[in-house]
Amino acid sequence: MPAPKPRSTLTAVGFDGSANRAPSPQRPVRSRARPLAMDAHIEPHHHAWSQFTYCASGLMQVTVTQGGGMQTTYIVPPTRAVWIPPLVQHRVVVLEDAELRTVDLDPSVTPTGWTDCRVLMVSKLLRELVHALEDSVPDPRDDAIMALTVSEMARATTQALGVPMPHPEHGDKRLRALCEAVLRDPAEKSQLSEWVAHVGASERTVARLFRDELGTSFQQWRLQAVLANALPQLARGLPIAQVAAASGYASDSAFSAMFKQAMGQAPSHFQNKTLSKQ
Numbered sequence: 000m001p002a003p004k005p006r007s008t009l010t011a012v013g014f015d016g017s018a019n020r021a022p023s024p025q026r027p028v029r030s031r032a033r034p035l036a037m038d039a040h041i042e043p044h045h046h047a048w049s050q051f052t053y054c055a056s057g058l059m060q061v062t063v064t065q066g067g068g069m070q071t072t073y074i075v076p077p078t079r080a081v082w083i084p085p086l087v088q089h090r091v092v093v094l095e096d097a098e099l100r101t102v103d104l105d106p107s108v109t110p111t112g113w114t115d116c117r118v119l120m121v122s123k124l125l126r127e128l129v130h131a132l133e134d135s136v137p138d139p140r141d142d143a144i145m146a147l148t149v150s151e152m153a154r155a156t157t158q159a160l161g162v163p164m165p166h167p168e169h170g171d172k173r174l175r176a177l178c179e180a181v182l183r184d185p186a187e188k189s190q191l192s193e194w195v196a197h198v199g200a201s202e203r204t205v206a207r208l209f210r211d212e213l214g215t216s217f218q219q220w221r222l223q224a225v226l227a228n229a230l231p232q233l234a235r236g237l238p239i240a241q242v243a244a245a246s247g248y249a250s251d252s253a254f255s256a257m258f259k260q261a262m263g264q265a266p267s268h269f270q271n272k273t274l275s276k277q
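Residue numbers (numbering that gives the first Met the number 0): 0 to 277.
Here it is in structure tokens:
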């Protein structure tokens, strides 16, 4: 996963806190669109409503903090969106020029049981509904669009596409050091046994820390790190063979098979020449 640039090189973008933004029982689904340049970032914030965060073009990185302070970073291409429950702190960094669209939902229409962040696959219908919401006005058609939007979100396929990180203060420092090393170069080593010597812990101990602190195995976590590292490279139009090598794969066919199984589409679908046509 590409680490965000130093704060001095990022361009801060203010949070949209306009009074008419918040959803209500009368208009429970509200949508906003804004173009954001590469390296723009929205500082950590939260709000009282749930949010569907989506970019119609480009690529963004969304980092959320929940569950006792654990952070999870999602790399979000135009075919995916992040669902963020109420009061969950989140930060957005734009990795490629993007058209950011957010859909805010009142608690009265939030799908039952959606209390955790998740990645949703954005169908063509859902994409068009989100766009239609931007120009909607209070009338029966608007009510129908809002209802159908919520229905499509609830029906959307979810996908494991996040890289959880140990709590920066309370998490195990050895685990965090290993995670940061893998994120810097996921291709360097593929097995946990090859990494543990660098953090002063046994393989068994680190495997337990992955389960206890991050709720996953090392291999499952590393797969998410590889995908998060590969997506921005593909979005920039790098050759698949080059991305495969940077991800630790000896052949682009092996990388493509892994990628398609995890993402449901071939790597070529996420390359810049394809994303521009979404």
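From the three backbone atoms N, C-alpha and C, an ideal C-beta is built for every residue, glycine too. In this text the structure is predicted, and so the values were computed from the model without any measurement.
For Q50, the enclosing beta strand (DSSP E) begins and ends at 49 to 54. Nearest C-alpha to L147 among M164, P165, R126, H166: R126. When C-beta atoms of the segment 44 to 56 are compared with those of the segment 103 to 110, three or more pairs fall below 8 Å, so the two segments count as touching. Just so you know, the alpha carbons of E202 and S255 end up roughly 29 Å apart. Relative to the Cα of V195, the nearest Cα in the group L182, A224, L174, D184 belongs to L174. Boundaries for D134: no beta strand (DSSP E) harbours it, and the DSSP string shows neither H nor E there. Annotated three-state conformation of D103 is strand, per DSSP.
The beta-carbon distance between L233 and F209, rounded to whole angstroms, is 27 Å. This is too long to meet the 8 Å contact definition. As DSSP reads the structure, Q158 sits in a beta bridge with V118. Straight across, the Cα-Cα distance linking V205 with L226 is about 22 Å. I74 is not a Cβ neighbour of T52, given a cutoff of 8 Å. In this structure, the alpha-carbon of S150 lies about 42 Å from that of A176.
Straight-line spacing of the CA atoms in M37 and L237 works out to 17 Å. Judged by pairs of C-beta atoms under 8 Å, the segment 212 to 231 touches the segment 241 to 253, as three or more such pairs exist.
In this structure, V87 places its C-beta atom within 8 Å of the C-beta atom of V63.
Residue ranges of uninterrupted alpha helix (DSSP H) with 4 or more members, entirely inside the segment 159 to 210 and ordered along the chain, are 172 to 183, 191 to 194, 202 to 208.
Here the segment 119 to 139 does not lie against the segment 183 to 192, with fewer than 3 beta-carbon pairs under 8 Å apart.
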